[in-house]
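Using the working numbering, the first residue of the sequence shown is number 922, and each one after it goes up by one.
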Amino acid sequence: RQVPARANATACGTVYQEEPFLRTVTEAGARCMCTTASGNDCLELDYPEVSYVLSGQESQEGLQQLLGVAKAASGSHETIVHSSGLHFDQYLAALRASKGDIGGYDKLMDNSFFVLTEPGRDEADVRGGMARMANGLQVSVASQGGSPGPAAPRDEVVRDTSSVCPAVDVSFIIQYFKRPAQVKAIIQRLRSLPGVNEVLVNNDSASEIELWRSELEASDMRYSLVVSGNIHEIRGYNRLAKLSVGKLIVFMQDDDLPSSGPAWLKSAQSMFAKNPKLGLVGGFSGTIQGGPLTDKYGKGQKKIKYKTSTGRPFMFVTLVNMGPFVVPADFFLESGMFNGNYSCRGEPGIGFDYEYALRTWYLGRQVGVFDSSFAYHVGDWAKSGTRKNKAAYAARQNIERRNSRYHKNTYGPPSLSYPEAPGLYIRQGLPGRESQFSTKRNQLEGVGILVHEANEDLAKNPGNY
């Protein structure tokens, strides 16, 4: 089955490409052809027929009435509920009254989101953000105390609700799942950064909601705390990117701790300002596969070879690992965001970061790695998430192997099975293997040429970067 095409939406001068960029060659039945824990179809949850945007909700009774309207309508749907005094337990009670006692939060919330924002945000700003966040073919909007309006094509609703365009420098988007020890430290570091910034959190575990709210309130920053039904990082990052309004997006994970100073962020902003071809910078590690520069660079790897005009270590690489990712918001949204083919709901998306790096090169932009001075794997990272037990880790490895095949099949050399592959991603040397330096500079193909050319120019003209 194919997802019905959604028209691209435009808001505040940015194009939101609806269906993620589908150059991914997936294996038969791999595009999340599944059902969720509550028995719902995954594809219909990701791309429902109608999204109901329910802003300014104050009471359980009022929300129950609106959920009843959505339930009575024909076709698949999702609800995006913005609280204006409504507590999370009241929200769950309203869902349970609508759906019955079907189980835990992940079952109740598989087609619903609960959104908290800083007090006093303009309601038009709230509605516009939630309309952008929606994935429905059509969107119906209910304002505070009102009933859902008639559903209209999403691009039209986004256009009509985008009267407010806040001026924000950086949107920090955090994927969170049950790591409360990091919350306070992360917010303290982010609030100290210069500029007008915002924080968006995808709380996938529906836990520590009050902790997040209190810390965000104390920060005096613009924020959106989105509680979701364990949709995992790819879908969480994409939804919150559409909700964000910053010029730059910094994608973070909950075991990442930003540097205590602003130098890393100022350096990233400078790099994008000086080099319009730059599409993605990773702050953890990156890899070059083929040619004289073949190696892994960054945190815990080989030292990054070059520096930018600010003196920050930086170089161009083929692939980058998540944590953090810094991207221009307009490019990220126009490129189609992260690719949902790389995991089903609630599953790890191992390799989605590599796919986005390859796609960035494919689209004519550049990818680099820099020293972000982040602390990584803070807290009990090895005992939680996708490494919490043998079964979870085995599932992670299986997904990683499958997604590695996707990289090759989508961007690699043409073959009988995949004749349309563009020949971009050709591994001509692997770090730590005998083949590491087997390919000379003049023998490079595909992205290897682009990476080496970019680094050669960086070495000669660091002032341009």
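Just so it is clear, CB atoms sit at the ideal spot from N, CA and C, and this is done for glycine as well.
All values reported here derive from a predicted model rather than from experimental measurement.
Exercise. With a CB to CB cut of under 6 Å and the five nearest residues on each side skipped, what residues in its chain are close to N1032?
Worked result: Looking up residue 1032 in the sequence shown gives position 111. Closer than 6 Å at Cβ, skipping near neighbours: L966 and E999.
Problem set entry | Limits of the unbroken beta strand (DSSP E) element including H1003 | Counting from one through the sequence shown, the residue named residue 1003 turns up at place 82. Element bounds for H1003: H998 to S1004.
Exercise. Run through DSSP, which three-state label would G934 get?
Worked result: Position 13 of the sequence shown, counted from the start, is the residue given in the question as residue 934. Taken through DSSP and simplified to helix, strand or coil, G934 comes out as coil.
Exercise. Between K992 and S1019, what straight-line distance do the alpha-carbon atoms span, to the nearest angstrom?
Worked result: Stepping through the sequence shown from its first residue, residue 992 is reached at position 71. Stepping through the sequence shown from its first residue, residue 1019 is reached at position 98. Straight-line spacing of the CA atoms in K992 and S1019 works out to 8 Å.
Exercise. If we ignore side chains and look at the alpha-carbon of each, how far apart do S1356 and D1216 end up?
Worked result: Mapped onto the sequence shown, residue 1356 falls at position 435. Mapped onto the sequence shown, residue 1216 falls at position 295. If you draw a straight line from the Cα of S1356 to the Cα of D1216, it comes to about 11 Å.
Problem set entry | For P1234, the nearest candidate out of V1122, K1224, M1243 and Y1026 (CA to CA) | One-based indexing of the sequence shown puts residue 1234 at position 313. P1234 has its Cα closest to that of K1224, out of V1122, K1224, M1243 and Y1026.
Exercise. Where DSSP assigns a beta bridge to T1038, which residues make up the other side?
Worked result: Counting from one through the sequence shown, the residue named residue 1038 turns up at place 117. Residue pairing by DSSP places T1038 opposite S1145 in a beta bridge.
For this session: Could you tell me whether the stretch 1087-1100 touches the stretch 1118-1133, using the rule of 3 or more Cβ pairs below 8 Å?
Result: Touching, yes.
Exercise. Which one of N1242, L1114, Q1174 and I1320 has the shortest CA to CA distance from G1182?
Worked result: Looking up residue 1182 in the sequence shown gives position 261. With distances taken between Cα atoms, G1182 lies closest to L1114.
For this session: Alpha carbon to alpha carbon, how far is C933 from G1076? Give it in angstroms, no decimals.
Result: Numbered from 1 along the sequence shown, position 155 holds the residue referred to as residue 1076. Numbered from 1 along the sequence shown, position 12 holds the residue referred to as residue 933. At residue 1076 the sequence reads Asp, which differs from the Gly that was named. Cα to Cα, the separation comes out at about 13 Å.
Problem set entry | Close-in-space but distant-in-sequence residues of the same chain around S1083 (CB under 7 Å, 5 per side omitted) | Counted from its first residue, the sequence shown places residue 1083 at position 162. A932, C933 and G1049, listed in sequence order.
Exercise. From E1044 to S1004, what distance separates their C-alpha atoms?
Worked result: As a position in the sequence shown, residue 1044 is number 123, starting the count at 1. As a position in the sequence shown, residue 1004 is number 83, starting the count at 1. When rounded, the distance between both Cα atoms is 11 Å.
For this session: Look at the alpha carbon of G1024 and the alpha carbon of P1334, and state the distance between them as a whole number of angstroms.
Result: Your numbering for residue 1024 matches position 103 in the sequence shown. Your numbering for residue 1334 matches position 413 in the sequence shown. Taking the straight line from one Cα to the other gives about 47 Å.
For this session: For A930, count neighbouring C-beta atoms within 10 Å of its own C-beta (all shown protein chains included) and say buried if the count is 16 or more, exposed if not.
Result: Working through the sequence shown from its first residue, we reach residue 930 at position 9. So A930 ends up on the buried side.
Exercise. Among all the DSSP beta bridges, which residues are the ones paired with G1167?
Worked result: Indexing the sequence shown from 1 puts residue 1167 at position 246. V1089.
For this session: Using alpha carbons as the reference points, say which of E1268, G983 and V1290 lies closest to V1241.
Result: Translated into the one-based positions of the sequence shown, residue 1241 becomes position 320. Out of E1268, G983 and V1290, V1290 has the C-alpha closest to the C-alpha of V1241.
Exercise. So is K1381 buried or exposed if we call it buried at 16+ other beta carbons inside 10 Å?
Worked result: Indexing the sequence shown from 1 puts residue 1381 at position 460. With fewer than 16 other Cβ atoms within 10 Å, it is exposed.
Problem set entry | Whole-angstrom distance between K1198 and Y1275, CA atom to CA atom | The count along the sequence shown starts at 1 and reaches residue 1275 at position 354. The count along the sequence shown starts at 1 and reaches residue 1198 at position 277. Near 18 Å, if we compare the C-alpha coordinates of K1198 and Y1275.
For this session: Write down the C-beta distance between Q1065 and S976 rounded to the nearest angstrom, noting that I regard them as a contact closer than 8 Å.
Result: As a working note, residue 1065 is residue 144 in the sequence shown. As a working note, residue 976 is residue 55 in the sequence shown. Contact holds; Cβ gap of about 6 Å.
For this session: Would you kindly work out how many angstroms separate the C-alpha atoms of Q1222 and R1156, rounded to a whole number?
Result: As a first step, residue 1222 is located in the sequence shown; it is residue number 301 there, counting from the start. As a first step, residue 1156 is located in the sequence shown; it is residue number 235 there, counting from the start. About 29 Å.
For this session: Decide yes or no for the touch test of the stretch 1162-1176 against the stretch 1240-1255: beta carbon pairs closer than 8 Å, at least 3 of them.
Result: yes
Exercise. Considering only residues of the same chain and omitting the five flanking positions on each side of V990, which have a CB-CB separation below 6 Å?
Worked result: In the sequence shown, residue 990 corresponds to position 69, counting from 1. Only P1069 meet the Cβ criterion.
Exercise. Nearest to E1138 by CA position, among P1040, A928 and G1212, is which residue?
Worked result: As a position in the sequence shown, residue 1138 is number 217, starting the count at 1. Of P1040, A928 and G1212, the residue nearest in Cα terms is P1040.
Problem set entry | Contact test: V1241 Cβ vs the ligand NAP heavy atom, cutoff 7 Å | As presented, the structure is devoid of all ligands, the ligand NAP included, so that no description of it is given.
For this session: Measure from the alpha carbon of V971 to the alpha carbon of each residue in G1057, N961, D962 and Y1283, then state which is nearest.
Result: Within the sequence shown, the letter at position 50 stands for residue 971. Comparing Cα-Cα distances from V971 to each of G1057, N961, D962 and Y1283, the minimum goes to G1057.
Problem set entry | Three-state class that DSSP yields for Y1327 in the structure shown | Along the sequence shown, one-based indexing puts residue 1327 at 406. Y1327: helix per DSSP, three-state reduction.
Problem set entry | L1132, enclosing alpha helix (DSSP H) - first and last residue | Within the sequence shown, the letter at position 211 stands for residue 1132. Taken as a continuous stretch (DSSP letters only), the alpha helix (DSSP H) holding L1132 covers I1130 to S1140.
Exercise. At what residues does the alpha helix (DSSP H) containing Y1012 begin and finish?
Worked result: Your numbering for residue 1012 matches position 91 in the sequence shown. It spans F1009 to K1020 - the alpha helix (DSSP H) in which Y1012 sits, taken as one unbroken run.
Problem set entry | K1163 and R1053 closer than 8 Å at C-beta | The count along the sequence shown starts at 1 and reaches residue 1163 at position 242. The count along the sequence shown starts at 1 and reaches residue 1053 at position 132. For K1163 and R1053, yes; Cβs fall inside 8 Å.
Problem set entry | Run of the beta strand (DSSP E) containing L1118, from where it starts to where it stops | For the purposes of this step, residue 1118 is taken as residue 197 along the sequence shown, with counting starting at 1. What sits at residue 1118 in the sequence shown is Asn, not Leu. Per DSSP, N1118 belongs to the beta strand (DSSP E) from N1118 to N1124.
Exercise. With a CB to CB cut of under 8 Å and the five nearest residues on each side skipped, what residues in its chain are close to F1253?
Worked result: For the purposes of this step, residue 1253 is taken as residue 332 along the sequence shown, with counting starting at 1. Taking F1253 as the centre and dropping the five residues before and after it, the same chain places the C-beta of A1162 and I1170 closer than 8 Å to its C-beta, in chain order.
Problem set entry | Closest residue to F1098 among Q1287, A1127, L1146 and A1315 (Cα-Cα distance) | On the sequence shown, position 177 is the one that residue 1098 refers to. The option with the nearest alpha carbon to F1098 is A1127.
Exercise. Going by C-alpha distance, which of L964, T1229, G1367 and P1101 is nearest L1132?
Worked result: Start at 1 with the first residue of the sequence shown, and residue 1132 comes out as number 211. Considering only alpha carbons, the answer is P1101.
For this session: Could you spell out the range, first to last residue, of the alpha helix (DSSP H) harbouring M1236?
Result: In the sequence shown, counting from the first residue as 1, residue 1236 sits at position 315. Not the alpha helix (DSSP H): M1236 falls in the beta strand (DSSP E), residues F1235 to F1237.
Problem set entry | As assigned by DSSP and simplified to three states, the class of P1071 | Taking the first residue of the sequence shown as 1, we reach residue 1071 at position 150. If DSSP states are grouped into helix, strand and coil, P1071 belongs with coil.
Exercise. Comparing alpha-carbon positions, which option in L1379, H1328 and Y1339 lies nearest Y1346?
Worked result: Along the sequence shown, read from residue 1 onward, the residue named residue 1346 stands at position 425. Ranking the options by Cα distance to Y1346, first place goes to H1328.
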